[in-house]
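**Student:** Before anything else, here's the structure in question.
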Amino acid sequence: DAGVTQSPTHLIKTRGQQVTLRCSPKSGHDTVSWYQQALGQGPQFIFQYYEEEERQRGNFPDRFSGHQFPNYSSELNVNALLLGDSALYLCASSLGTTGGYNSPLHFGNGTRLTVT
Amino acid sequence: GDSVTQMEGPVTLSEEAFLTINCTYTATGYPSLFWYVQYPGEGLQLLLKATKADDKGSNKGFEATYRKETTSFHLEKGSVQVSDSAVYFCALSDMNSGYSTLTFGKGTMLLVSP
Numbered sequence: 001d002a003g004v005t006q007s008p009t010h011l012i013k014t015r016g017q018q019v020t021l022r023c024s025p026k027s028g029h030d031t032v033s034w035y036q037q038a039l040g041q042g043p044q045f046i047f048q049y050y051e052e053e054e055r056q057r058g059n060f061p062d063r064f065s066g067h068q069f070p071n072y073s074s075e076l077n078v079n080a081l082l083l084g085d086s087a088l089y090l091c092a093s094s095l096g097t098t099g100g101y102n103s104p105l106h107f108g109n110g111t112r113l114t115v116t
Numbered sequence: 001g002d003s004v005t006q007m008e009g010p011v012t013l014s015e016e017a018f019l020t021i022n023c024t025y026t027a028t029g030y031p032s033l034f035w036y037v038q039y040p041g042e043g044l045q046l047l048l049k050a051t052k053a054d055d056k057g058s059n060k061g062f063e064a065t066y067r068k069e070t071t072s073f074h075l076e077k078g079s080v081q082v083s084d085s086a087v088y089f090c091a092l093s094d095m096n097s098g099y100s101t102l103t104f105g106k107g108t109m110l111l112v113s114p
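First to last, the sequence lines map onto chains A and B.
The numbering used here applies: residue 1 is where the first sequence begins, and numbers increase by one.
The numbering used here applies: residue 1 is where the second sequence begins, and numbers increase by one.
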């Protein structure tokens, strides 16, 4: 049973560029959440997708956008990259938007984005 | 808003020592509480959870008790192993936003030597 898979594993971009990160949820999960983890910090919630719509959003600017496809996979797009966007981007999947006691988050190994 | 505060690391222990990692939280309402572990180069794995006051979560020898009166959820293990070396994150989830929206602490690195 495949868990959450993310691609690519590493990425280097230049300031001002745009980037797309991809995530496939764990089999059976329909909800995808994205988190940003800066070096030495805990993950911070970016947004959550369910039924192909953004359902919740954290305190991130509109440069961060996403998409969910009918097969529940998801993309995270970041425009006009800043140096401060350098971080590990984690995708997590769950069943339903409220998760529940028996449906905790399952995290992927992340995409390490470096902006130079 | 919600927040989680963890003791700063790294915590350095010898194998078989007793472990405590402190975690306190600030939240409105009655959050659920979690401990996640992150091994080098990997994503986060759920270690244990507690959903209401006085609940004790446990897994792989780790334990944590939800203390509403002290707003704490300290992680403990009686005898650590080298393989426990990792970064540990305390987190909470607001009941209104659901279990998939977590607020994390900054993490505490644990280093266990033979």
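By construction, the Cβ of each residue, glycine as well, lies at the ideal position given by its N, Cα and C atoms.
Is M7(B) closer than 8 Å to T101(B) when the C-beta atoms are compared?
**Tutor:** Cβ atoms of T101(B) and M7(B): not closer than 8 Å.
**Student:** In whole angstroms, give me the CA-to-CA distance for L76(A) and E54(A).
**Tutor:** 11 Å
**Student:** Can you grab the Cα-Cα spacing for the pair T14(A) / S24(A), in whole Å?
**Tutor:** 26 Å
**Student:** Would you call the CB atoms of N79(A) and Q18(A) closer than 8 Å?
**Tutor:** yes
**Student:** At a cut of 8 Å, does the stretch 32 to 47 of chain A reach the stretch 84 to 97 of chain A through at least three beta carbon pairs?
**Tutor:** yes
**Student:** Using beta carbons (cut-off 8 Å, strictly below), is Q48(A) in contact with chain B?
**Tutor:** yes
**Student:** Cβ of Q6(A) within 8 Å of Cβ of N109(A)?
**Tutor:** yes
**Student:** Does V19(A) come out as helix, strand or coil in the three-state DSSP assignment?
**Tutor:** strand
**Student:** Name the residue from R63(A), G58(A), T114(A) and V4(A) whose alpha carbon lies nearest to the alpha carbon of L44(B).
**Tutor:** V4(A)
**Student:** So, under 8 Å CB-CB, A50(B) and F73(B) are touching, yes? Tell me the CB distance rounded to an integer number of Å.
**Tutor:** About 7 Å separates the CB atoms of A50(B) and F73(B); that is less than 8 Å, so the two are in contact.
**Student:** My guess is that P114(B) and V80(B) are in contact by the Cβ rule of under 8 Å, so how many angstroms apart are they, rounded?
**Tutor:** Their Cβ separation, rounded to whole angstroms, is 11 Å, which puts P114(B) and V80(B) out of contact at 8 Å.
**Student:** For F64(A), go through chain B and note every residue whose CB falls closer than 8 Å to its CB, in chain order.
**Tutor:** Those do not exist, as F64(A) stays about 16 Å from chain B at its closest Cβ, beyond 8 Å.
**Student:** Are the CB atoms of L111(B) and Y88(B) nearer to each other than 8 Å?
**Tutor:** Going by beta carbons, L111(B) and Y88(B) fall outside the 8 Å limit.
**Student:** Taking all protein chains shown into account, decide if T28(B) is buried (16 or more other Cβ within 10 angstroms of its Cβ) or exposed.
**Tutor:** Exposed.
**Student:** Would you mind telling me which residues of chain B sit closer than 8 Å to N109(A), beta carbon to beta carbon, in chain order?
**Tutor:** G41, E42 and G43
**Student:** Taking C-beta pairs closer than 8 Å, name the residues in chain A that K106(B) reaches, listed in chain order.
**Tutor:** G40, Q41 and G42
**Student:** How should A64(B) be labelled, buried or exposed, when 16 other C-beta atoms within 10 angstroms of its C-beta is the threshold for buried?
**Tutor:** buried
**Student:** Which residues in the same chain as G78(B) place their Cβ atom closer than 7 Å to its Cβ, once the five residues preceding and following it in sequence are excluded?
**Tutor:** In chain order, F18 and G61 place their CB closer than 7 Å to the CB of G78(B), counting only its own chain and leaving out the 5 sequence neighbours on each side.
**Student:** Can you name, in chain order, every residue of its own chain whose Cβ lies under 6 Å from the Cβ of T57(B), other than the five neighbours on each side?
**Tutor:** Residue identity check: residue 57(B) is Gly in the sequence provided, not Thr. Hits under 6 Å: L48, K49, A50 and A64.
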